[in-house]
Each structure stands twice: as structure tokens, then as C-alpha cells.
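Chemist: Okay, here's the structure, questions in a sec.
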Amino acid sequence: MNFSLTCLNCSQKIDIDAAASVESLQCPHCHDTIKLRRGRMNIGEKINGRYKSLYKVSDDGFSGYFAALDEKSEKIKLLRVFDKTLTFSLQQPEAFIETAESFSPYGGKCQLPIYETGIDNDFIYQLMPFAKIESLEKLIECGYIWEPIQALDLIYELLLSLDEAYIATKSGHFSLTPRNIFIDDQGRLLYNDFGLAPTSYRINVS
Ligand SMILES: [Zn+2]
1 MNFSLTCLNC SQKIDIDAAA SVESLQCPHC HDTIKLRRGR MNIGEKINGR YKSLYKVSDD
61 GFSGYFAALD EKSEKIKLLR VFDKTLTFSL QQPEAFIETA ESFSPYGGKC QLPIYETGID
121 NDFIYQLMPF AKIESLEKLI ECGYIWEPIQ ALDLIYELLL SLDEAYIATK SGHFSLTPRN
181 IFIDDQGRLL YNDFGLAPTS YRINVS
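Right under this line is the structure:
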């Protein structure tokens, strides 16, 4: 998934790959340091006046996943909050949310189910049923290695789910990385972001 940023120092446009896990980058034109993760959601903050983040479950470099208390239903939910960098890099955040929402029911059986997508205080967020998840990136970073047969099983599950999503949407995922593929505490494979890549593509070309 690619985003365009405008350097605040020299006003030049820079294209960045959101899959690159960096906190800041140097402007190729004026060499100013641009902080990419300004506007990050913190623990204890509230979204939409009701979803209070309790602790961080995972972080993919441009969004954080939190265990959050829904103060209305008094249930724990999984809340994903994108850094404000995403909101400010989009020309039409509302159109992005609308398209992402229309894709979310058809992302295949392994996609984390999304109850709600929205924007509050410039934070784009997604609300999901609570799950303890860890990204493949984090697991590999911590030294976990899958047996070949186990890895093939996971890939097979992933492909079945993506095929299901392709049949329903005639669209692909386009941005699968070890950072948006997760294993939950039952050992199940899950992914996120189906629809986000085609969404940002459609908004950029329209
Ligand atoms: Zn610059």
C-alpha cells in the first residue's frame, strides 16, 4: 500500500510504501526529517466517546491494535487505530472509510471480522471482536519457526480464504505482509486490510 506525503519544509510530494516499518524518513528533496508516526493513539484514550484503549495487542507500524473497553456495552473489543498520518495523507478520508466498509464483509473467512469503521478526532479506526493476536512478523522476530507441513497448512488456509474473497469481490488483497497476517491464541490464521489497498487505489485514480 502506498501513500503520498507532502514535506512540510519544502512542499514536495513524496511517495512512501506503508509496509516499510519506519518511524521517520528523510525528505529526498530538502533532507528534512519527517516524522511518520505523529498522531499515534495512546493507551487510556477514548474513541467515539465509548471505546477506551486498555492495552496494546499488536502494532503493524502504521496502526495499533488495542484491547478496548466498550463503555456502552461493557464488553471488550479489539480496536485498531491508524496513526493520524493516514488520515492526513488521504484526500477523502470519508470515501476511503466508505469503500473499506463495503469490502469488509467479503474479505474471506480468515479476515478479522470488522463491526465498524469510522473516524473520530482524525483517527481512522476499525472495531472488531476481541482476539489475542500476534503478527507473523513479531513471531518470526521472536524466533518462532514453523515446521514445513505446518507452514503449508497455514498457506493453504490463507489461499482458501483469499479465493473466497476474490470470488465475492473480484478483487485481490494486494498488501499482504507478515505484519497483517496474525495467529490467534487458538492457533488460527487471520489477516486484515482486505479492501484497504484497492480502496486507496480507487481513491487515488478517481
Ligand atoms: Zn522536503
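Under full-length UniProt numbering, the residue at position 96 of the sequence shown is numbered 96, and the numbers go up by one with no gaps. For glycine and all other residues, C-beta sits at the position ideal for the given N, C-alpha and C. Only a predicted model underlies this, so the values are computations on that prediction, with no experimental measurement involved.
Do F130 and M41 have their C-beta atoms closer together than 8 Å?
Modeler: Not in contact: F130 and M41 (Cβ atoms no closer than 8 Å).
Chemist: Should L192 go down as buried or exposed, given a rule of 16 or more other Cβ atoms within 10 Å for buried?
Modeler: Before going further, note that residue 192 is Asn rather than Leu in the sequence given. Under this definition N192 is a buried residue.
Chemist: Please classify L160: is it buried, with 16 or more other beta-carbons within 10 angstroms of its beta-carbon, or exposed?
Modeler: Exposed, because fewer than 16 other Cβ atoms sit within 10 Å of the Cβ of L160.
Chemist: Mind checking I114: buried by the 16 CB within 10 Å criterion, or exposed?
Modeler: Under this definition I114 is a buried residue.
Chemist: Mind checking whether the beta-carbon of H173 lies closer than 7 Å to any heavy atom of ligand 1?
Modeler: Because no heavy atom of ligand 1 lies under 7 Å away, the Cβ of H173 does not count as near it: no.
Chemist: Can you find the residues in the same chain that come closer than 6 Å, C-beta to C-beta, to residue 230, ignoring five residues on each side of it along the sequence?
Modeler: Beyond the ends of the chain as shown, which are 1 and 206, falls residue 230; an answer cannot be given.
Chemist: Given this structure, state the Cα-to-Cα distance separating A68 from I145, to the nearest angstrom.
Modeler: Cα to Cα, A68 sits roughly 30 Å from I145.
Chemist: Which one or two residues does DSSP pair with D184 in a beta bridge?
Modeler: Bridge partners of D184: I133.
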